[in-house]
Structure formats: structure tokens, C-alpha cells
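Residue numbers 6 to 773, in this note's numbering, belong to the letters of the sequence shown in order.
All C-beta atoms in this analysis are idealised placements derived from N, C-alpha and C, irrespective of residue type, glycine included.
Report on the following structure.
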Amino acid sequence: MADLVYKDDCALCFATPESPNGILICVDHRLGFCPQHVKIHDCHKFLQYIRRRRRLKEGRDSSSAKSDAVANTDSRPKNQDDAMGSPSNKISKLGIGIEGGLSLDTTRFETVEKYYLFANYPNENSKKEISVEKCPDPVVDRIIKAESAYKKREIDTMSSTWDGSVRFITKHANIEQFKQSEPICLTQCEAEACTKTENLWLNLTDGSVFCGRKFADGSGGNGHAKEHYELTGFPLVVNLGTLSPDVAEIYSYDPQEDDMVIDPNLDDHLKFFGLNRYTMVKTEKTILEKELEFNISWEYSSIQEDGKVLVPVYGPGFVGIHNLGNSCYINSFIQALGQMVRIQNRIDALKNEIFAALNARCNPFEDFKVQLIKLLTSLQCATYSCDPATVEKKDDFEAPENGVRPLDFRHLIGRDHSEFSTKRQQDVEEFAHYLADLCRIYFGPSANPLLPLNHLALVKTGNQANDYYKIQCVYDVIFPIDDEMVAASSSADKEKPRRNLVAQMKKMIENPASAVMGCASLLCTFPQYFLIKFYQFKVNRHAHHGPNNRPLKLAYALEVEEKIDFGFLRHKGFFPSTELDASKIVISGHQETLATIKRSRSKSPARQADDHEKDSPAKVTELRAQLAAIGCDIYKEVQLKKALRSTNNIEMAINFLMDGQADDVAEEKIVQPTQASSATGTVSQVKLHDTLADVSIMIKELKAMDNTRTIYSLKGIISHIGASTDTGHYVFHAKKGDKWYIFNDEKVACSKNPPKEFGYVYVFERHQ
Numbered sequence: 006m007a008d009l010v011y012k013d014d015c016a017l018c019f020a021t022p023e024s025p026n027g028i029l030i031c032v033d034h035r036l037g038f039c040p041q042h043v044k045i046h047d048c049h050k051f052l053q054y055i056r057r058r059r060r061l062k063e064g065r066d067s068s069s070a071k072s073d074a075v076a077n078t079d080s081r082p083k084n085q086d087d088a089m090g091s092p093s094n095k096i097s098k099l100g101i102g103i104e105g106g107l108s109l110d111t112t113r114f115e116t117v118e119k120y121y122l123f124a125n126y127p128n129e130n131s132k133k134e135i136s137v138e139k140c141p142d143p144v145v146d147r148i149i150k151a152e153s154a155y156k157k158r159e160i161d162t163m164s165s166t167w168d169g170s171v172r173f174i175t176k177h178a179n180i181e182q183f184k185q186s187e188p189i190c191l192t193q194c195e196a197e198a199c200t201k202t203e204n205l206w207l208n209l210t211d212g213s214v215f216c217g218r219k220f221a222d223g224s225g226g227n228g229h230a231k232e233h234y235e236l237t238g239f240p241l242v243v244n245l246g247t248l249s250p251d252v253a254e255i256y257s258y259d260p261q262e263d264d265m266v267i268d269p270n271l272d273d274h275l276k277f278f279g280l281n282r283y284t285m286v287k288t289e290k291t292i293l294e295k296e297l298e299f300n301i302s303w304e305y306s307s308i309q310e311d312g313k314v315l316v317p318v319y320g321p322g323f324v325g326i327h328n329l330g331n332s333c334y335i336n337s338f339i340q341a342l343g344q345m346v347r348i349q350n351r352i353d354a355l356k357n358e359i360f361a362a363l364n365a366r367c368n369p370f371e372d373f374k375v376q377l378i379k380l381l382t383s384l385q386c387a388t389y390s391c392d393p394a395t396v397e398k399k400d401d402f403e404a405p406e407n408g409v410r411p412l413d414f415r416h417l418i419g420r421d422h423s424e425f426s427t428k429r430q431q432d433v434e435e436f437a438h439y440l441a442d443l444c445r446i447y448f449g450p451s452a453n454p455l456l457p458l459n460h461l462a463l464v465k466t467g468n469q470a471n472d473y474y475k476i477q478c479v480y481d482v483i484f485p486i487d488d489e490m491v492a493a494s495s496s497a498d499k500e501k502p503r504r505n506l507v508a509q510m511k512k513m514i515e516n517p518a519s520a521v522m523g524c525a526s527l528l529c530t531f532p533q534y535f536l537i538k539f540y541q542f543k544v545n546r547h548a549h550h551g552p553n554n555r556p557l558k559l560a561y562a563l564e565v566e567e568k569i570d571f572g573f574l575r576h577k578g579f580f581p582s583t584e585l586d587a588s589k590i591v592i593s594g595h596q597e598t599l600a601t602i603k604r605s606r607s608k609s610p611a612r613q614a615d616d617h618e619k620d621s622p623a624k625v626t627e628l629r630a631q632l633a634a635i636g637c638d639i640y641k642e643v644q645l646k647k648a649l650r651s652t653n654n655i656e657m658a659i660n661f662l663m664d665g666q667a668d669d670v671a672e673e674k675i676v677q678p679t680q681a682s683s684a685t686g687t688v689s690q691v692k693l694h695d696t697l698a699d700v701s702i703m704i705k706e707l708k709a710m711d712n713t714r715t716i717y718s719l720k721g722i723i724s725h726i727g728a729s730t731d732t733g734h735y736v737f738h739a740k741k742g743d744k745w746y747i748f749n750d751e752k753v754a755c756s757k758n759p760p761k762e763f764g765y766v767y768v769f770e771r772h773q
């Protein structure tokens, strides 16, 4: 506890040093609290930390400010061209709000900080102001000068982050070059009737110059560079507009690479055509910059909805969540939970009990239950969503920012997960499953606040012997990939094909064996909140041969009615008893999550018994179905098992297979453990729920719900913009009464055109 100083916000709410009374940092334990919540921490020596910001006037340099720190809080670049192209703002990583990525902050402030030491809080007579320059107490001095716990964690997080800057050396580095008879023109596409003079790419084999692909927004080239590759087989091209001493964008059209690559012999290859990049000047944005610019421009166009400026809304239920660096997938799902009244009621019921159990020996910043409750209750707090026009400024200081920054929640949600611990963009559905798993494990089956999301389903495979039961919080719907869909996905000009939600769900359950995944789910219970996810992504069929296997987005428009009777999904057969063997029921992602937590907190390695859980028949079946859905059901069972054991996660297992990491075990025999051995060592001070009794209780809880009502209304949409799951941006639209609202990170406004046709996850609420 003493190694980190928690001074960004209060442990139990989102009061910050910018709040009216700042925060109080316990000198003994380095934990921060607001005056309202400090009473749960039975200590008396506190350092009060107050911070105020004043906007710097135009032309005034930050060095003239009285304080050392300058905080940036404005969320939109004043000049996007500067933000994208100037050397000081060079973008080297694919991310928003991360080091090396695009910063949304350009407005500059001077920051005034004050510290007061309470020898015996709350006795005002024991309070004295502390000079930062001459602090007499060495312990207090270290607290003042220490980096906050959040900033320290950021350093660790960024050291393991993949963000679009990682590239691989091409296998075509030793290409044989030759010159054309005609002199090379570097300013015009060679294709007949093509007038493109930008987005030009030089083929490093024959020196031809053609335009690149069309960008997501319809701008860019006509794809003549790729057409030239298809005619000649010459794979490497370099972007002429960005070629400079610091930048070299090389693309390989080889299907086994099909991505940006590194050419270690680039300088020699350019010299062959009389080019020297060290004398060239960058005249265009890089592909990375354009992709980020597209995401950002979409973000603002979506909040304005095609130029129509929307009216911001404030108050309880309209609290925004700041983007902490590619955290929009977290924000969108948390906002969806925040609109679910029954989940909020369960959180409110848990709050007093869990907060009352805290004492001076606890560190609430490291308590998952505390931080989840803190975040969800904050969304109903008007303090964090005030109309700026009604807030009075004092001494020209800025009012505290609207919205909340869930710094510690993000740390805890990713602490035991290889992907969520980074600042990579993630799949919101994977996050939803993982958060649901954590709630089951930490809260237990009865107190689980996300229980209203869960439903028990019978997964039909077309072979009754292989059918199994599954507890999950998201229902998957997959549309067959057809030529029309693929064509629309590869062209911005193509009209998106239309697909109907109910019609496809009925097709899946009528003939499970012919469904895309080879199976379909029937509902044994009907949840209070029904989340339906549509598979929007497919993986390049050649991707498993090379290092780059990014899922590509499929284009189609969904027909989704706002009121649907899902009674056609009801399973009319046997309902599993509460005494049913736990091995017969799969809890989506549960065992992987539990095993990961145990491994990270145990003093000893994971046992073979955990491995056996990872590659159970149900898991193998699920993995094979997922692979079939993306057209990659080409692996042997032994390879599937190795992937599951190595990754502990279905989605990561798919990547493992496509990276070729299981190719060497095609004939290997995996020995199954004969007996489950108990793990040794201290797993955690927190009880982790994972017993047959817990599964039985969960089945009882689900069965006890009112499963007679099957009519649902559409209440929310999580939508994704971007070409792949590892890029892009998520937003959430919520319906309250007859109105729709958009939750775009910290910005919340009325919505006039919610994206009903282009959602990724749809949130339905059951009629009561």
C-alpha cells in the first residue's frame, strides 16, 4: 500500500483535487478520500490536496504560470492539420488519448496547487498550510512529489501496449528490381483515365506509380496499386507522399502479409530508382494519421449527426465517462449498464453493506466490488453532470470537469487479463462477458449485480448428443457471409445489403446444423435485459499463414423492430435441475476468467486440472463453431486443445491458431489429467465463487425469474465505427421514454438519428 500514492480521486466517489474541498490523503496509508467518505478510514493525519485550473490567455506561455503543472482538458484539437502533421504532434501509435497517439487535449491551463496538513482531522486547529518548496515533514514531502498511483500504472501499461506501431519484416526484402523504359512520374497515377495525384504508391520492383486504396470515408485512391500487383505479382509498394527521413510506409500485397511491413533494404531499393528519402519532405498524412483522423472526425460528426448540432444534456443518468486511451469499449458498456434500472437497484442495495465493511486495513482502490459500485453509482450523480452555464466561476478558475474518470476501475478490470490490461482497442462484447464473469466470481451467484443480464440457454448443434447448456449474458446472431456482403464491405460506394434480425434468428433455430456456427441457442430462461450481438467481422482466410490477422468488418444494414416477442426462442423441452452436474453447463468465459485470476494470485503455477477445464469438450465445440463462423474450420482437435490451454480464452485461441502457433502439434497427443489436483498457495484474500453449489444457486436464481413474459423493447444500441475490432470507436445510444440520447465518452446529448441499422450490440428490456 505504501508504494503507491492514491491522490487522483476519492476511493469511494469521483471527487478530485479540483472538487470544492479537494481530497484528503492519509499520510500513513497514502489513500485519498473526500470529506464525505473519509470517516470510513479510521485515521487522523491527513494531507488536504486542492487543485485549481485557470485557462491560459492566447499568446501567454505556460512558463509564465505560477505553478509547475499545466493541465490540458479541452477535448477537441483547434487545428486538426497541426494535430496530425506537425513534428511536435507526430502520431506514431494507433490510439486516442495515449502516448504517441492522437491527443484530444490542446487547451492549456495554469494549475494552482495547495496543500494543508491535518495533524488530527477534522480538527481545524490542527490544520496548517504546507509549502511545496520547503516541506518540513519528509513523509509528507514524498507524498506531494510522488507520481500518483494511476500515473505509475500507466508506465507499466504502455510498456506492453500494441497500438498499430508494430510492424514485421517482409519476406520480400530481397526482391529483384528492374527499371521501365519510360521515366518515372512521381506525381500522377499511371492507370489509364485515373487523375489521382495524391495517395500515390511506388512499386519497389518495377518503379511503377499507382494510386492506393479508397479510405473508409470514400476519399483516397482507386486501388490501382493493388490491381497492378494482381497483374504482376510485385508485392511491395511505398507511399510517396509520406516518404521522408522519419517516415516510410511500406505495404505488402502478399496475401500472407497484407499489411504495413518493414523493408530493411528500403534505402537501397529507393536508390535503384534515383530516390533518397533523406532529402524528401512529407506532404501527406500517413495511413495511421488518416485512420485516426477518420475516427476523430466521425466522433464529432456523430455527436452533430450530419452537421446537426445536438443539444447537450445534464443531470443524473447523463454523466459522461472520459476516454482514458482507447477505453470507449468500456465506456459504452458501462453506460448501457447505467441505464438498466434493475441493475442500478441491485448496486444501490450492495453499496451500503460493502462500504460499511471497509476499514483502515482495507485498500478500496484495489477492491473490484468497491470500484464497480463507485462507477455505476456515479452515473446517477448530478455532481458530475452540470450545465456549464449554471456553474459560477470563482477567481477566474475553471469549474471541475463534467464526467468521471474510472482510473482504478480500468486498472482492476485488466489486472488479470492480458488484453484488457493494455491500451489496445478491444471488442465490447468480449469485455461484457469478462465483466459478467468477474461479477459472478467476486459477488457470488445471488448478490451478482449483473444477474438480470444472464440467461440459461440450450445450445443446439444438430446432434442431440453434443447439445449442452450455457449461462451467458450476450446472445450471438451470425448472418451467413455472402458475395453481396463481401462486395459492400470492400467498397464505400456499395449500398449495404439489408438483413432482418428476427428472420435470421428463426432460421438459426429451425435448422441449427445449417447455421453459420453449426449451432443455435434456445432460451430456458428469459433475462430482464436481453443483449444481442451481431457478428460484424470476418478474418482474412490467408491470415493464419502470417503475423497479421485483424478481423475485417462486414457491411450490412439491420432491420430491427423496437418491440419484439422473442417467444420463438423458448426451449420447450427438459429444464436442467439444480443438481445437474456442473460439467454439463458452460458458463460463458467463466472458467477461463477464474483460472486467470487464480494463476495471477497464486504462489504456485496452475495445475493440470485447470488445463482440463480449459479444453473441455464444450470449449472445443465452441471454439470450432467460432472458427466455422469466420470460414476457418481447418484445424484438428489436438490443435484446438493446445490453443485453448495456451490462451485461456476463445477469441485469443483463434488468434493463436491463425498465427500458426499450434501447427507443430498437429500430430501431438495431449495427455488428459486423471485427477484434479488442488491448487496450493494463497489465491486471494477475496472469496472466489466457483463451486457446484454456486452453479446450482445461479440456476435457481434464473429459474425463479418471471420467464412467462417474452416481449421486449429496444432500449439501447452499442455501435462501432472503424474497419476492425482493434481500431475504431464505440458509442452508446439509449432510449429514455420516447427520446434517444447519445453517450460518446464524456459527451452526452440528445440524438436525432440513432444508428438502429448499424448496431453491434442491441439492448432489449423485457416488459413487466
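Selection from the options that minimises the alpha carbon distance to residue i
| i | options | result |
| --- | --- | --- |
| I592 | D699, R429 and T192 | D699 |
| I335 | L412, N459, T237 and V482 | L412 |
| L755 | G764, F763, W745 and E762 | It should be noted that the sequence gives Cys, not Leu, for residue 755. Closest by alpha carbon: W745. |
| S526 | H576, N179 and I418 | H576 |
Boundaries of the alpha helix (DSSP H) in which residue i is found, first to last residue
| i | result |
| --- | --- |
| L241 | Counting along the chain, L241 falls outside any alpha helix (DSSP H), though it belongs to the beta strand (DSSP E) covering L241 to N244. |
| S651 | E642 to T652 |
| I148 | P143 to K150 |
| D273 | L271 to K276 |
| E232 | H229 to T237 |
| A341 | C333 to G343 |
| M710 | Note, M710: premise wrong, no alpha helix (DSSP H); not H, not E. |
Span separating the alpha-carbon of residue i from that of residue j
| i | j | result |
| --- | --- | --- |
| P457 | I704 | 13 Å |
| P321 | L719 | 21 Å |
| M510 | I747 | 28 Å |
| R58 | D401 | 9 Å |
| I722 | P393 | 28 Å |
| F425 | L355 | 26 Å |
| C39 | H416 | 21 Å |
| M285 | V266 | 20 Å |
| K501 | K219 | 17 Å |
| T116 | R56 | 7 Å |
| P250 | E567 | 55 Å |
| K139 | E152 | 19 Å |
Status (buried if at least 16 other CB within 10 Å, exposed otherwise) for residue i
| i | result |
| --- | --- |
| V346 | exposed |
| E751 | buried |
| I726 | buried |
| N749 | buried |
| L236 | exposed |
| H772 | exposed |
| A470 | exposed |
| P760 | buried |
| Y765 | buried |
| K538 | buried |
| G686 | Caution is warranted here: a pLDDT of 28 is assigned to G686, below 50, making its placement in the model unreliable, and no coordinate value can be reported. |
| D442 | buried |
Beta-carbon separation (whole angstroms), residue i vs residue j, contact threshold 8 Å
| i | j | result |
| --- | --- | --- |
| C18 | H42 | 6 Å |
| F448 | K379 | Wrong, their Cβ atoms sit about 15 Å apart, outside the cutoff. |
| T21 | P269 | At roughly 48 Å, the Cβ-Cβ gap does not stay under 8 Å, so T21 and P269 are not in contact. |
| G217 | G225 | 6 Å |
| V32 | L9 | Rounded, the Cβ-Cβ distance is 14 Å, inconsistent with contact. |
| F535 | Y717 | 6 Å |
Unbroken beta strand (DSSP E) run spanning residue i, endpoints
| i | result |
| --- | --- |
| Q53 | F51 to R60 |
| V753 | K752 to S756 |
| L461 | H460 to K465 |
| T774 | Nothing can be reported for residue 774, as the shown portion of the chain is limited to 6 through 773. |
| Y767 | G764 to R771 |
| N208 | L205 to N208 |
| Y439 | Taken as a continuous stretch (DSSP letters only), Y439 belongs to no beta strand (DSSP E), being part of the alpha helix (DSSP H) at V433 to F448. |
| P177 | The question names Pro, but residue 177 is His in the sequence shown. Element bounds for H177: n/a, residue is neither H nor E. |
| K12 | Taken as a continuous stretch (DSSP letters only), K12 belongs to no beta strand (DSSP E), as it is neither H nor E. |
Residue i CB to nearest heavy atom of the ligand HEM below 7 Å
| i | result |
| --- | --- |
| K501 | As presented, the structure is devoid of all ligands, the ligand HEM included, so that no description of it is given. |
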